[in-house]
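Protein chains in written order, with our numbering: chain A, 1 to 428; chain B, 1 to 428. Cβ atoms here follow ideal geometry from the backbone N, Cα and C, with glycine treated the same way. Source: prediction; values computed, not measured.
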């Protein structure tokens, strides 16, 4: 028996879905008792050349050809963007179709609304591919780890920034050069803002935190800092401190008070996340029963993303075959709230340029003492008549850190505070 | 509405299950619509003191009290061992009960039989906890990655040997001392054979490979080499070569020809698996669509294992609530066969002691040339009138390697061949 699928979009991921469906139709039939057949594919331009052949399907430029087709039971959305995708997904759900989406922007902004509409219509929306590409993250959080209270998520969940930072670490290149190289290789887009400013990672953290902490996190509740200000000097100092700089998305849940941030972070070289290089992604999860876990793999790409999409499709096909649906409604615990002051106190890396005069260091030390912060490490490097100083503090609360920074800003010898970055504790 | 559970065994894992069920009963009810209640617990000695209180259940020494109880819908088996567990699980399945087990020995030896009995009786047997403790492995392989052909599994799946090798690497201790320390800390059993000889890892590889490659792997088809012969000298030479020694379980599938082995292996320090330390476990998976993935976490312990057990219980409860069961029968592709000669050619580390005379090295080099193997690295270390030589070959097939070793054995100057270990390629 065939199971008819409609595909919205036929770009990189869409073509991967077509390819993988063709390649695995027989296997999927063995696994589920149903043969997946893509019937119709929504595109903007039918005549555009594509790497896949339309053997089982016809192209259409009219979404209603798919949404209005009663034979189609599963709609796969890979057009990206927010507004059109939202409308088409809602219409599909309301037409009684299950939906699989790879759309992180949509799920970050409208996840709760869409999940609710799915539930009202007794159909499912699955979105494994929206975070971490091929890596199973959503499903393990929803299923295998569901007896846990998840207390911590830490992820390298943006491949572009991880590629850039890996290159800066490997070659000593500065940010602009590493970004250009990433663009040349197709790892960064022509307009890289969403990636390098940390917005893409913030969207994914919104999705993961909502699921793991049973709450409705709003995108604007995530504190975001991008990697644009990271220089070759920071990367080099970080290496001297036995660490690497990564763009880390962190969510913690302390008895219902959540802290959510995306920030460049110094990670000790022995930490499992420090080894996540180039465009790889990883998510570190801490559960109260399971302890520490890490999931690692390719966070993007045509076939890796299609692998996650088809994993969801197969799960739906098994449910359809058994005649069940709407089985995994998302749960929310209404008492949870976002409160940045509950963030775990971390050591911080502070890089400043000071005038190179006697007594400067004593002034800085006095400033830290006044803010009641002790220093763990100080590294100084001479440059003509100024000096670059890197200070690593002992663990500090956000308020303490602010206090120390205002003290520093008042010192006439402090020419510039370049970067203030958290330092992850050692693992284990 | 309550869902009645029977628990077979109340040791370390069993007590974790009781604890976690108590702690999460409310959450699980929110997630599944059913409240999990452990009704009866099978023990050998009712009066033995235990860390958990029998608030919802009564102890029994008679398994039939559980198997014959029609209210009990899920049986959790955590007694371990093979024969009794097998009988009780089969009886439970035949009584129409779903079963969750943490029993790797049983699943490695009788997995196909038990899965078949479950299917015949239209009930499920889930066994996430049998491999990798808290780490979701079975479910991602069965679900999220099911659109892939898995071509490679590589795992550090025995915590005891990983703890011992980590300590040997960190402190330079020899095997015997590291084993004693692991025993003192409870990471190794009084009789450590099953762990250090690689048998435990082989059982887990049997389970993972059967699932990932859709076949019925027999335990005796896994080539096994333990870590007893690894010395402080090997650990030190490995470090000089930029690697660490880990007990690696490897399964590959080349167009239906499987190679399965558990062996101490040199892993380049940059490889994600090299960072898996102490009693942590990790599984590296390669899928043709997903690419490379790694799953990392605690491979043992009361609550981590209970986390996996309860993840399975929650999955079953969702199915029971929806009125479905027997939905994920395991699939087998009959054409697959185990053929060790299909193993990927790997570099090999060979450590020998030779008499320290002029011309010895030329003899060895000639032996390798005769076996048509080229050498990548040679390290020599003087010791009185003998020398320790470590050779790293270029990638060789098993047959080529055997050829070179027979050449070496014939040389009078070769006093002893200590260890022959594969070297993993660099990642990525």
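| Check | Outcome |
| --- | --- |
| CA nearest to the CA of residue 323 of chain B, picked from B/28, B/32, B/10 and B/422 | B/32 |
| Straight-line Cα distance separating residue 285 of chain A from residue 261 of chain A | 15 Å |
| Contact check, residue 134 of chain B vs residue 24 of chain B, beta carbons under 9 Å | no |
| Chain B residues whose Cβ lies nearer than 7 Å to that of residue 324 of chain A | 322 and 324 |
| Residue 218 of chain B versus B/129, B/108, B/162 and B/250, residue with shortest Cα-Cα distance | B/108 |
| Same chain only: Cβ atoms within 6 Å of residue 276 of chain A, ignoring 5 sequence neighbours per side | 156 and 282 |
| Identity of the residues DSSP links to residue 348 of chain A by a beta bridge | A/422 |
| Residue 398 of chain A versus residue 348 of chain A - alpha carbon distance | 10 Å |
| Exposure label - residue 205 of chain A; buried when at least 16 CB within 10 Å | buried |
| Environment of residue 409 of chain A [buried if 16+ CB atoms lie within 10 Å] | exposed |
| Residue 322 of chain A: first and last residue of the uninterrupted alpha helix (DSSP H) it sits in | 302-322 |
| Residue 418 of chain A and residue 346 of chain A closer than 9 Å at C-beta | no |
| Residue 42 of chain B - partner residues in DSSP beta bridges | B/8 and B/60 |
| Collapsed DSSP secondary structure at residue 280 of chain A in the structure displayed | strand |
| Nearest neighbour of residue 126 of chain A, chosen from A/312, A/393 and A/339 [CA to CA] | A/312 |
| Span separating the alpha-carbon of residue 430 of chain A from that of residue 77 of chain B | Since the first and last residues shown for chain A are 1 and 428, residue 430 of chain A lies out of range. |
| Proximal residues of chain A, C-beta to C-beta of residue 148 of chain B below 7 Å | 307 |
| Segments of 3+ residues assigned as beta strand (DSSP E) that fall wholly inside the stretch 353-402 of chain B | 375-383 and 386-393 |
| Residue 92 of chain A vs residue 99 of chain A beta-carbon contact at 9 Å | yes |
| Where residue 152 of chain A sits in the DSSP three-state scheme | strand |
| Residue from B/86, B/289 and B/330 with nearest C-alpha to residue 119 of chain B | B/330 |
| Test: residue 298 of chain B CB closer than 9 Å to a CB of chain A | yes |
| Rounded C-alpha distance that separates residue 56 of chain B from residue 74 of chain B | 15 Å |
| Cβ neighbour criterion (16 or more within 10 Å) applied to residue 185 of chain A | exposed |
| Contact set between residue 128 of chain A and chain B, taken where Cβ atoms lie within less than 7 Å | 144 |
| Through-space distance from residue 415 of chain B to residue 244 of chain B, alpha-carbon basis | 26 Å |
| Residues of the stretch 269-300 of chain A with Cβ closer than 9 Å to any Cβ of chain B, in chain order | 270, 271, 272, 274, 275, 276, 277, 278, 280, 282, 284, 285, 287, 288, 289, 290, 291, 292, 293, 294, 295, 296, 297 and 298 |
| Three-state secondary structure assigned by DSSP to residue 229 of chain A | coil |
| Residue-chain proximity (residue 204 of chain B, chain A), Cβ-Cβ < 9 Å | no |
| Segment limits, beta strand (DSSP E) that includes residue 296 of chain B | 291-298 |
| Other residues of its chain near residue 103 of chain A: CB distance less than 7 Å, five sequence neighbours each side excluded | 77, 80, 85 and 130 |
| From B/34, B/60, B/105 and B/296, residue whose alpha carbon lies closest to that of residue 44 of chain B | B/60 |
| is_contact[residue 27 of chain B, chain A] using C-beta, thresh 9 Å | yes |
| Any non-hydrogen atom of the ligand MN closer than 8 Å to residue 199 of chain A Cβ | Ligands are entirely absent from the displayed structure, and the ligand MN is therefore not among its contents. |
| Nonlocal neighbours in the same chain, by C-beta distance under 7 Å from residue 216 of chain A, ignoring five residues either side | 112, 210 and 332 |
| Test: residue 315 of chain B CB closer than 9 Å to a CB of chain A | yes |
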